[in-house]
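Right, one structure below, let's go through it.
Protein chains: 2
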Amino acid sequence: MTRVVAKFGGTSVGSVERIRHSAGLIAAAVADGETLAVVVSAMSGETDRLLGLAGEFGAALGDEETDVALAAGEQVSAALMALALREHGLQARSFLGWQAPVFTDGPPGAARIAGMDSVAFETAMDAGIVPVLAGYQGVAENGRLRTLGRGGTDLSAAALAAALGARCDIYTDVDGVFTTDPRIEPKAMRIDAISHDEMLELAAQGAKVLQPRSVEFAKARDVRMRVLSSFLDAGASKGTEIVAVGDIAERRIVSGVAYARDQARLALLGASGKSDMARQAFEALASAEVGVDMIVQAQARTPGSVNLEFSVAHRDLDRAQTALEAALPNAQLSSETGLAKVSVVGAGLRQRADVARSLFGVLGESGIVVKVLATSEIKISALIENDAVERAVRALHAAYGLDQG
Amino acid sequence: MTRVVAKFGGTSVGSVERIRHSAGLIAAAVADGETLAVVVSAMSGETDRLLGLAGEFGAALGDEETDVALAAGEQVSAALMALALREHGLQARSFLGWQAPVFTDGPPGAARIAGMDSVAFETAMDAGIVPVLAGYQGVAENGRLRTLGRGGTDLSAAALAAALGARCDIYTDVDGVFTTDPRIEPKAMRIDAISHDEMLELAAQGAKVLQPRSVEFAKARDVRMRVLSSFLDAGASKGTEIVAVGDIAERRIVSGVAYARDQARLALLGASGKSDMARQAFEALASAEVGVDMIVQAQARTPGSVNLEFSVAHRDLDRAQTALEAALPNAQLSSETGLAKVSVVGAGLRQRADVARSLFGVLGESGIVVKVLATSEIKISALIENDAVERAVRALHAAYGLDQG
């Protein structure tokens, strides 16, 4: 019997009808001989509603009480999914994060899964009961509720799949992972199989289909994941498999093009003798919980100076500037906003140093200026003007042959 | 320092503004030197919304999963109240039923409080932190969530007050207990002090201000309760004290007039030799969870027969008939619907057998036919036509001098 953890996101449980349809997909999988555990998000819009209520009292994500309010969203959808499964003739019961339990550490609003006890799930599944875990939540060492950050239900599902030795099917509102956002490039194509690393880079670069930490977790624990649509009938979704890199038969150089709008560029100019400027800057940014991306360090034109550039999300810009001014009062700090990031991702980039050069060429031909370029083993990202995003995505998608099946 | 458990019902936490106002009342009590623990209901309408969602999947009150969904309502309001208290400069934290923990037994949807561990509350209060308990919920021996039935937050509050040796202030949307429903009789007057037994009868007979089980609990554990309005400014609500019968200085014969619409009358005619008809009938009704009221047994006009009459809520009528037909296939069963119950309640009734007679007179003068009459130590109830309720309430309120201060 194949064990499967099936995760249903907010839109897949967004209404009574959608819950009922998703429950039907589970019933079909059970009829096919699979043994299922289910993980659910809050009904779409509910997390924002609850966050808004907490916000009325001045509480943001990161407050223990905000987590108490937010966790109620998944609590309700877990109960409703268990009831919907019963309508399909299955036995089912809900488990809340603290009931599993899912142990967490780390701060409220962005906790990490420290461990998970899957005995109750094994017992239920062995007895023919479909367990339904409320995703996105766990319990801290102090006995209080914790949430895992946006998209955290993917992480709940990956962790449960690892604990159960199960495959992890992520049901969402699209039929898998695409070569780019179909809303920007209608020729975007579904990817049959992608490696964990490529999926991770796509997710980190803005593809919202899977939460990056869940992919990291799946890679580290060797969990096989699939991304499927819950909006199609049972068996109709072809989806995308996320597998170990060696398991992909046909390798493209580039697997996909991702983008993220509303980025800002920060530049620090300091004395090159002060070689710890970068360390001080990144320590300050980490303390302020600012995620930093696309780091470039170079000798500045001013002799004896060093220039450090990096990008941050626009929403983090004020916090980043305040932290840097406090930590490095003598450095010159400048910033630029209204930027976006486009990235090409592919495991084949490892062997192809010329892709970076050709990316400059492709964007240049479209009249798009690359402000900052950064590369990793399997990704090349360029910082460009916000309003050039759509042109850049379409140009890169065509240039790397992603529209050719 | 006076310890107080302050309970806020659904309308008192029905919106961001109401939560903020209720938090202000708590802050004022703390400023007055009281040490508070708070218990909250779900925001008004939320329990019905969640019950409706569960109902979409065929689940009613009494299902374990329904309880999981319902408990989310109080979870959210407890978190929001803790945040609102912080806005008023207090330290506060929420406790969910399973975190206290509040131990329950009995069925889902109508669980009983089996015990409560108040150590965490004592610790919090001693540290100057206002604990906010999510009402209406606890945890069963099997580790699953349980809810306590409609109005269960009153019971949570009474149990916490008993555990803490605290007074129990029940904040609601009216300024205490009134001699009758002011929507029917504008001359209804607030009662300064009422005994537990009288309050219990008023609540059982339809006055919705307090849940009967919470009053029973308060009486058994000698908890002093007050009913106050959360809609007035701090100190402005005079309220009603519910106290031991000996503590009431000035005793009226009748304290209040209560009513309940949508009652039905059931009559069983059976052989008088079969003396266990009543026992069999009530066992069958108890198994079907039908609450029975106003029981009258009499010799029937048919020789050798006995007539058993009682009232049930209209919503329970079908269930009652099915249970009785199965248990007593040879008895003649008849029913009448469209009825209501009016009751006069007063500790002074114990010594005044003539009140029952005068009640017949008062209703008779208003042209109202009494179908069934039942008395207890401190209550007289009459079953009348539904559409005579308002006239009956006003006539009785005037006849017993309840409008005269």
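Chains as they are written, first to last, in my numbering: chain X, 2 to 406; chain E, 2 to 406. All C-beta atoms, glycine included, are put in the ideal place defined by N, C-alpha and C.
TODO: Determine, using beta carbons only, whether E/Cys57 comes closer than 8 Å to chain X.
DONE: Here residue 57 of chain E is Glu; the residue named in the question, Cys, does not match the sequence. Yes, E/Glu57 counts as interfacial toward chain X.
- [ ] Using a threshold of 8 Å, state whether the C-beta atoms of E/Val356 and E/Ile381 are closer than that.
- [x] yes
Open item on the list: For a contact defined as C-beta to C-beta under 8 Å, what are the partners of E/Ala70 on chain X?
Closed with: Gln76, Val77, Ala80, Leu81
Task: Length of the line joining the Cα atoms of E/Ala38 and E/Leu26 - done: 13 Å
Open item on the list: For the pair the region 16-26 of chain E and the region 381-399 of chain X, tell me if three or more CB-CB distances fall below 8 Å.
Closed with: no
- [ ] Starting from the beta carbon of X/Ala85, find every residue of chain E whose beta carbon is closer than 8 Å, and list them in chain order.
- [x] Phe58
Open item on the list: Please report the straight-line C-alpha distance between E/Gly15 and E/Ile171, rounded to a whole angstrom.
Closed with: 15 Å
TODO: Can you pull the chain E residues whose beta carbon is under 8 Å from the beta carbon of X/Gly144, in chain order?
DONE: Gln100
TODO: Report, in whole angstroms, the separation of the C-beta atoms of E/Leu360 and E/Ile385, which I expect to be a contact under 8 Å.
DONE: In fact, because the Cβ distance is near 11 Å, the residues do not count as touching under 8 Å.
Task: 8 Å Cβ cutoff, E/Glu88 in contact with chain X - done: yes
Open item on the list: With three or more beta-carbon pairs closer than 8 Å as the criterion, would you say the region 56-71 of chain E touches the region 97-107 of chain E?
Closed with: no
TODO: Would you decide whether E/Arg351 is buried or exposed? Buried here means 16 or more other CB atoms lie within 10 Å of its CB.
DONE: exposed
Open item on the list: Can you tell me whether X/Gln76 is buried or exposed? The criterion is at least 16 other CB atoms within 10 Å of its CB, across all chains shown.
Closed with: buried
Task: Contact the region 227-243 of chain X vs the region 173-191 of chain X: 3+ CB pairs below 8 Å - done: yes
Task: Exposure label - X/Asp248; buried when at least 16 CB within 10 Å - done: exposed
Open item on the list: Just to make sure I have the definition right: I need the residues of chain E whose C-beta is within less than 9 Å of the C-beta of X/Val17. Which are they?
Closed with: Leu54, Glu57, Phe58
Task: Closest residue to E/Gly207 among E/Val345, E/Gly46, E/Ala61 (Cα-Cα distance) - done: E/Val345
Open item on the list: Tell me the residue span of the beta strand (DSSP E) that contains X/Lys8.
Closed with: 4-9
Open item on the list: Residues of chain E with CB closer than 7 Å to the CB of X/Leu51, please, in chain order.
Closed with: Val77
TODO: Report buried or exposed for E/Ala299, applying the criterion of at least 16 other Cβ atoms within 10 angstroms of its Cβ.
DONE: exposed
TODO: May I ask whether a heavy atom of the ligand ATP can be found less than 7 Å away from the beta carbon of X/Val210?
DONE: For the structure depicted, the ligand ATP is absent and the ligand set is empty, with no information on it obtainable.
Open item on the list: Need the endpoints of the alpha helix (DSSP H) that X/Gly139 sits in, please.
Closed with: First-last for X/Gly139: 138-140, but that is the beta strand (DSSP E), not the alpha helix (DSSP H).
TODO: Determine the closest residue to E/Arg145 out of X/Ala121, X/Ala265, X/Ala60, with distance taken between C-alpha atoms.
DONE: X/Ala121
- [ ] Count the other C-beta atoms from every protein chain shown that fall within 10 angstroms of the C-beta of X/Val216, then say buried if there are 16 or more, exposed otherwise.
- [x] buried
Open item on the list: Contact criterion: CB-CB distance below 8 Å. Does E/Glu66 meet it with respect to chain X?
Closed with: yes
- [ ] Output, in chain order, the set of chain X residues within a Cβ distance shorter than 9 Å of E/Ser215.
- [x] Within 9 Å Cβ-Cβ: nothing; E/Ser215 doesn't reach chain X, min ~24 Å.
Task: Within-8 Å CB hit, X/Ala73 to chain E - done: yes
TODO: Can you tell me the Cβ-Cβ gap for E/Ala82 and E/Val41, rounded? I've got them flagged as a contact below 8 Å.
DONE: According to the sequence displayed, residue 82 of chain E carries Met and not Ala. With a Cβ gap of about 5 Å, E/Met82 and E/Val41 count as contacting.
Task: Beta-carbon proximity check, X/Val373 vs X/Arg262, cutoff 8 Å - done: no
Task: Collapsed DSSP secondary structure at X/Ala357 in the structure displayed - done: helix
TODO: With 9 Å as the C-beta to C-beta threshold (strictly closer), list the residues of the region 92-120 of chain E near chain X in chain order.
DONE: Ala93, Arg94, Ser95, Leu97, Trp99, Gln100
Task: Cut-off 7 Å between Cβ atoms - residues of its own chain near X/Ala162, not counting five sequence neighbours on either side - done: Val6, Arg168, Cys169, Val224
- [ ] Take X/Asp64 and list the residues in its own chain whose beta-carbon comes closer than 8 Å to its own, dropping the five residues that flank it on each side.
- [x] Ala55, Pro109, Gly110
Open item on the list: Residues in the same chain with beta-carbon distance under 6 Å from E/Ala328, minus the five sequence neighbours each way, listed in chain order, please.
Closed with: Gln281, Ala285
Task: Secondary structure, alpha helix (DSSP H): runs of 4+ residues fully inside the region 142-175 of chain E - done: 153-165
Open item on the list: Buried or exposed for X/Thr303, going by 16 or more other Cβ atoms inside 10 Å?
Closed with: exposed
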